[in-house]
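Report on one structure; see the data block that follows.
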Amino acid sequence: MKQTAAIISATPSGLLVDEGEELGPESDIRILQVTPAQHGERLDKALAAQVTEFSRSYLQQLLETGLVTLNGIVCTKASQKVKAGERISLELRPTPQSQAFKPEAVPFGIAYEDAHILVVNKPAGLVVHPAPGNWSGTLLNGLLAHDPCFLLVPRAGIVHRLDKDTSGLMVVAKTREVMDALVKAIAAREVSRQYLAVAHGPWLGGKHRTVEAPIGRDPRNRLRMAVVDLASQSGKTARTDFELIASDAQSCHVRCILHTGRTHQIRVHMASIAHPLVADSVYGGTPQFGMQRQALHATRLAFVHPVSAKPLAWEAPLPPDMQQSLVHFGPALQSAKA
Numbered sequence: 115m116k117q118t119a120a121i122i123s124a125t126p127s128g129l130l131v132d133e134g135e136e137l138g139p140e141s142d143i144r145i146l147q148v149t150p151a152q153h154g155e156r157l158d159k160a161l162a163a164q165v166t167e168f169s170r171s172y173l174q175q176l177l178e179t180g181l182v183t184l185n186g187i188v189c190t191k192a193s194q195k196v197k198a199g200e201r202i203s204l205e206l207r208p209t210p211q212s213q214a215f216k217p218e219a220v221p222f223g224i225a226y227e228d229a230h231i232l233v234v235n236k237p238a239g240l241v242v243h244p245a246p247g248n249w250s251g252t253l254l255n256g257l258l259a260h261d262p263c264f265l266l267v268p269r270a271g272i273v274h275r276l277d278k279d280t281s282g283l284m285v286v287a288k289t290r291e292v293m294d295a296l297v298k299a300i301a302a303r304e305v306s307r308q309y310l311a312v313a314h315g316p317w318l319g320g321k322h323r324t325v326e327a328p329i330g331r332d333p334r335n336r337l338r339m340a341v342v343d344l345a346s347q348s349g350k351t352a353r354t355d356f357e358l359i360a361s362d363a364q365s366c367h368v369r370c371i372l373h374t375g376r377t378h379q380i381r382v383h384m385a386s387i388a389h390p391l392v393a394d395s396v397y398g399g400t401p402q403f404g405m406q407r408q409a410l411h412a413t414r415l416a417f418v419h420p421v422s423a424k425p426l427a428w429e430a431p432l433p434p435d436m437q438q439s440l441v442h443f444g445p446a447l448q449s450a451k452a
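If you're matching positions, the sequence shown starts at 115 in this note's numbering and goes up one per residue.
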């Protein structure tokens, strides 16, 4: 693990993954020294600059609970100004959430791997990141077991996510530098992400359709997302292009191209045009054609390699459950399986 020159001594916790409350089972005492460049800064800012593997909010919690001393005196004020040369001691204690960040033998598909990136073919049902209700058995746990390098990268290198019941491709960074480059590429819309979906209802109108509708938290149900009016509600702009592959009297099979990456974006946009995904109960879909999870698969991923600068692309075929759903749609959709 890289440490700044300002760290006088440190006892590694042995497990270090994410930017939240990501701490291993043992306490970790850190002794730091305020640098000349940090003279006059807030204490919490100085801490965040030197203990970069943890979030500022987590470090503020340590301050509030009396686990930080400044020149040997307990300091609980995040706004306390520091002086060059002062010594800071902090005790990094594990939290219930931090116990989740440990290696586990979690199976997942690998589409590509080199020294810098790993392209995962995630199975449906696999949670990407530990969260309440899913503190173990996640893709993150599997990444930590797959390669120790992920221990040294925030969020184990995860730069974008797929919903638990969405299958398909996602890229993971093996170093902090590559992670930063991928995050910038995604923000600049330089990463191409395409999905295949099966939705309720016959497709009407032209073969191509673009939905530009902002997405935010559903004010009536905080567990859902919804198309919102930015004039009166909080949210973010979102755009998805849809291309019809096949349709019949009951359903449609479409290709979805993301231009933004909002939570549940495809599911929300499809529901907003009266085409909820098959088996997506959260947004109005019902089980059909053998599908028991939302009929959505991340089928294609493409971007310029952040180190070699070579353009790369991967495609993941439909998993068996979605292939079976096309059979139930009849000849019009069977021809679209490829």
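From the three backbone atoms N, C-alpha and C, an ideal C-beta is built for every residue, glycine too.
What residue range is occupied by the uninterrupted alpha helix (DSSP H) comprising residue 143?
For the purposes of this step, residue 143 is taken as the residue at position 29 of the sequence shown. That residue, residue 143, is in no alpha helix (DSSP H); its beta strand (DSSP E) goes 142-147.
Please list, in chain order, all residues of the same chain as residue 361 whose beta carbon is under 6 Å from its beta carbon, the five residues on each side excluded.
Along the sequence shown, one-based indexing puts residue 361 at 247. Spatial neighbours of residue 361 in its own chain (CB-CB distance under 6 Å, excluding positions within 5 residues in sequence) are listed in chain order as 316, 317.
For residue 335, count the other beta carbons within 10 Å of its own beta carbon; 16 or more makes it buried, fewer makes it exposed. Which is it?
Here the question's residue 335 lines up with position 221 in the sequence shown. So residue 335 ends up on the exposed side.
If you count every other CB in all the chains shown that lies within 10 Å of the CB of residue 155, and 16 or more means buried, which is it?
Reading the sequence shown from its first residue, position 41 is the one you call residue 155. By the 10 Å Cβ count, residue 155 comes out buried.
Alpha helix (DSSP H) runs wholly inside the region 281-327, at least 4 long, in chain order
Counting only runs of 4 or more, we get 290-301.
7 Å Cβ shell around residue 150 - same chain, five flanking residues per side excluded
Within the sequence shown, numbered from 1, the residue matching residue 150 stands at position 36. Counting only Cβ-Cβ distances below 7 Å, and skipping sequence neighbours, we find 198.
Return the first residue and the last residue of the alpha helix (DSSP H) that residue 367 is part of.
Taking the sequence shown and counting its residues from 1, the one referred to as residue 367 is at position 253. Here residue 367 belongs to no alpha helix (DSSP H); instead the beta strand (DSSP E) covers 365-372.
Residue interval of the alpha helix (DSSP H) (run including residue 411):
Residue numbering aside, residue 411 sits at position 297 when the sequence shown is read from its first letter. In this chain, residue 411 is not harboured by any alpha helix (DSSP H); it is covered by the beta strand (DSSP E) spanning 410-418.
Taking residue 333 as the reference, give the member of 346, 322, 327 with the closest Cα.
Counting from one through the sequence shown, the residue named residue 333 turns up at place 219. By alpha-carbon distance to residue 333, the top candidate from 346, 322, 327 is 346.
By the three-class DSSP mapping on this structure, what secondary structure does residue 358 have?
Position 244 of the sequence shown, counted from the start, is the residue given in the question as residue 358. Residue 358 falls in the strand class under three-state DSSP.
Can you tell which of 327, 337, 342, 403 has the C-alpha that lies nearest to the C-alpha of residue 364?
The residue given as residue 364 occupies position 250 in the sequence shown. Of 327, 337, 342, 403, the smallest CA-CA separation from residue 364 is found for 403.
DSSP state of residue 450, grouped into three classes?
Numbered from 1 along the sequence shown, position 336 holds the residue referred to as residue 450. Confidence in residue 450 is poor, its pLDDT being 47 and thus under 50, which makes the residue's placement too unreliable to answer from.
Hey, how far is the Cα of residue 398 from the Cα of residue 152?
Taking the first residue of the sequence shown as position 1, residue 398 is located at position 284. Taking the first residue of the sequence shown as position 1, residue 152 is located at position 38. Linking residue 398 to residue 152 through their CA atoms gives a straight-line distance of about 53 Å.
Quick one: grab the DSSP three-state call for residue 352.
Locating residue 352 in the sequence shown gives position 238, where the first residue counts as 1. Coil.
Spell out the partners DSSP gives residue 226 in its beta bridges.
By 1-based counting over the sequence shown, the position of residue 226 is 112. Residue pairing by DSSP puts residue 226 in a beta bridge opposite 233.
For residue 263, collect the residues of the same chain with a Cβ closer than 6 Å to its Cβ; drop the 5 residues on either side in sequence, then sort them by chain order.
The residue given as residue 263 occupies position 149 in the sequence shown. Once the five neighbours on either side are set aside, the close Cβ partners of residue 263 are 288.
According to DSSP, residue 203 sits in a beta bridge with which residue or residues?
For this step, residue 203 is matched to residue 89 along the sequence shown. Looking at the DSSP assignment, residue 203 forms a beta bridge with 145, 183.
What separation, rounded to the nearest whole angstrom, lies between the Cα atoms of residue 120 and residue 148?
Numbered from its first residue, the sequence shown carries residue 120 at position 6. Numbered from its first residue, the sequence shown carries residue 148 at position 34. Only weak support exists for where residue 120 lies, its pLDDT of 29 falling under 50; the coordinates are left without a value.
Please name the residue, chosen from 297, 201, 420, 157, that lies closest to residue 178 on a Cα-to-Cα basis.
Taking the first residue of the sequence shown as position 1, residue 178 is located at position 64. Ranking the options by Cα distance to residue 178, first place goes to 157.
Return helix, strand or coil for residue 238, following the three-state DSSP convention.
Sequence index remark: in the sequence shown, residue 238 carries index 124 (1-based). Correct three-state label for residue 238: coil.
How big is the Cα-Cα spacing for residue 426 and residue 309?
Indexing the sequence shown from 1 puts residue 426 at position 312. Indexing the sequence shown from 1 puts residue 309 at position 195. Each residue's Cα considered, the two are about 17 Å apart.
Quick one: using the 10 Å Cβ neighbour count with 16 as the cut-off for buried, is residue 322 buried or exposed?
Your numbering for residue 322 matches position 208 in the sequence shown. In this structure residue 322 is exposed. Its beta-carbon is surrounded by fewer than 16 other beta-carbon atoms within 10 angstroms.
Of the residues 143, 390, 180, 184, the one placed nearest residue 160, counting alpha carbons only
Within the sequence shown, numbered from 1, the residue matching residue 160 stands at position 46. Among 143, 390, 180, 184, the Cα nearest to that of residue 160 belongs to 184.
Beta carbon of residue 418, beta carbon of residue 292: below 8 Å?
Here residue 418 is taken as the residue at index 304 of the sequence shown, counted from 1. Here residue 292 is taken as the residue at index 178 of the sequence shown, counted from 1. No, the Cβ-Cβ distance between residue 418 and residue 292 is not below 8 Å.
In terms of alpha-carbon separation, which member of 299, 258, 329 lies closest to residue 415?
In the sequence shown, the residue the question calls residue 415 occupies position 301. Each of 299, 258, 329 was checked against the Cα of residue 415, and the nearest Cα belongs to 299.
If you reduce the DSSP assignment to three classes, tell me which class residue 163 lands in.
Residue 163 sits at position 49 when you count from the first residue of the sequence shown. Helix, per DSSP.
Ordered along the chain, which non-local residues of its own chain (more than five positions away) have a Cβ less than 6 Å from that of residue 342?
Along the sequence shown, read from residue 1 onward, the residue named residue 342 stands at position 228. Excluding positions up to five away in sequence, the list reads 328, 330, 349.
With a cut-off of 8 Å, do at least 3 Cβ pairs link the region 277-286 to the region 224-237?
With the cut-off at 8 Å, the region 277-286 and the region 224-237 touch.
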